[in-house]
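Let me begin by presenting the structure, written as structure tokens, before commenting on it.
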Ligand SMILES: Nc1ncnc2c1ncn2[C@@H]1O[C@H](COP(=O)(O)OP(=O)(O)O)[C@@H](O)[C@H]1O
Ligand SMILES: [Mg+2]
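Residue numbers (the working numbering): 93 to 340.
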């Protein structure tokens, strides 16, 4: 079973009177079971739009996303998913504990199992001392970590993380990379988007590069790097080359 499969996905947004912006151009991509897959691309490439379609938040113009073979428009398809949005918005008066309790109950966990999971997860995220603090007092990095904890609370087999490294300091980034490696060791499928290239090389089995809604590369991370010697140079060369060929 393929955990996540984007099939010929196209999406346009219209602005004002008849101004149409094609954000995804027939995107096809398969994420395999147990792999860590990096979805790379500059800001505005269309990564979040693709992810939001996989979660059923956006209806595509054409194509579909299948989750374990079921269309993402079917709410039952989302059951095996844990998701962290790009900019998590919380009900800011809730505490870390209450947010995790809410997420766990919303994903169908019973209160007994939930209670046993909250403290270990807060410890892992280095948030235990802030268990009963309202999240409005949290720093950006702490909000990011509670967002991740909310995605993980029900122990889902598939994780979709939209820019999990963004806005984090080096310690925060290390915590997230270690966590993703731990999830991989547990056999989970992790699909994450990022415009930050540090750590991608050590984390990802395969990557895709999206630029202006088009897939420029999909394959093993080490094949992508090949002659360039490092991921950043290979990425910049690919984007530059595409800009040159797509300019009038
Ligand atoms: N709801 C929306 N309405 C109109 N335009 C949108 C909407 N969501 C995204 N866009 C536009 O689509 C493009 C791709 O955005 P996005 O998917 O957020 O890119 P990325 O996540 O790669 O940075 C951007 O130009 C953005 O302005
Ligand atoms: Mg985005």
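Heads up, the beta-carbon is just placed ideally off N, CA and C, and yes, glycines get one too. All figures in this text were calculated on a predicted structure; none of them were measured in a lab.
Would you mind giving the Cβ-Cβ distance between residue 182 and residue 227, rounded to the nearest angstrom? I have them listed as a contact below 8 Å. About 5 Å separates the two Cβ atoms, so the contact holds.
Tell me which residues share the same chain as residue 97 and place their Cβ nearer than 6 Å to its Cβ, disregarding the 5 neighbours each side in the sequence. The answer, listed in chain order, is 122, 158.
Tell me, which residues are paired with residue 105 by DSSP? DSSP lists 113 as the bridge partner or partners of residue 105.
Length at least 3, wholly inside the region 294-332: the beta strand (DSSP E) runs in chain order: Fully enclosed beta strand (DSSP E) runs of 3 or longer: 298-303, 306-312.
Burial state of residue 112 (16 or more Cβ within 10 Å): With fewer than 16 Cβ atoms within 10 Å of its Cβ, residue 112 is classed as exposed.
Taking just the CA atoms, how far does residue 221 sit from residue 140? Cα to Cα, residue 140 sits roughly 32 Å from residue 221.
With a threshold of 7 Å (Cβ to nearest heavy atom), would residue 105 be considered close to ligand 1? The answer is yes for residue 105.
Distance between residue 115 and residue 107 (C-alpha atoms, nearest Å): So the alpha carbons of these two residues sit roughly 12 Å apart.
Do the region 161-173 and the region 328-336 touch if we need at least three Cβ pairs shorter than 8 Å? For the pair of segments examined, the region 161-173 was found not to touch the region 328-336: the number of CB pairs separated by less than 8 Å stays below three.
Return the bridge partner residues of residue 157 from the DSSP annotation. In the DSSP assignment, the residues bridged to residue 157 are 98.
Where DSSP assigns a beta bridge to residue 122, which residues make up the other side? Beta-bridge pairing links residue 122 to 97.
Would you say the beta carbon of residue 113 is closer than 7 Å to some non-hydrogen atom of ligand 1? Of the heavy atoms belonging to ligand 1, at least one sits nearer than 7 Å to the Cβ of residue 113.
Runs of 3 residues minimum, wholly inside the region 162-229: which ones carry the beta strand (DSSP E) assignment? Qualifying beta strand (DSSP E) stretches, in chain order: 173-176.
Is it the case that the CB of residue 140 approaches a heavy atom of ligand 2 more closely than 7 Å? Proximity of the beta carbon of residue 140 to ligand 2 is indicated: a heavy atom of the ligand is located closer than 7 Å.
If you check the beta carbons only, do residue 281 and residue 95 fall under 8 Å apart? Residue 281 is a Cβ neighbour of residue 95, given a cutoff of 8 Å.
Following a CB-centred definition, is residue 285 positioned closer than 7 Å to any heavy atom of ligand 2? At a cut-off of 7 Å, the beta-carbon of residue 285 counts as near ligand 2: some heavy atom of the ligand is closer than that.
Can the beta-carbon of residue 252 be found closer than 8 Å to that of residue 132? No.
Could you tell me whether any non-hydrogen atom of ligand 1 is closer than 7 Å to the CB of residue 135? Yes, since a heavy atom of ligand 1 falls inside the 7 Å radius drawn around the Cβ of residue 135.
Closer than 7 Å by C-beta to residue 320: which residues in its own chain qualify, once you throw out the five before and the five after it? Chain order, please. Residues of the same chain with a CB within less than 7 Å of the CB of residue 320, apart from the 5 flanking positions on each side, are 326, 329 in chain order.
Using a Cβ-Cβ cut-off of 7 Å (strictly less than) and excluding sequence neighbours within five positions of residue 275, which residues of its own chain qualify? For residue 275, same chain residues with a beta-carbon under 7 Å away, outside a window of 5 residues either side, are 251, 282 in chain order.
Contacting residues, own chain, Cβ-Cβ under 6 Å from residue 339 (five flanking each side not counted): Model confidence at residue 339 stands at a pLDDT of 49, short of 50, so the residue's coordinates are unreliable and nothing is read from them.
Please report the straight-line C-alpha distance between residue 174 and residue 279, rounded to a whole angstrom. In this model, residue 174 and residue 279 are separated by some 14 Å (Cα to Cα).
Residue 254, enclosing alpha helix (DSSP H) - first and last residue: Run containing residue 254: none in the alpha helix (DSSP H); it sits in the beta strand (DSSP E), 250-254.
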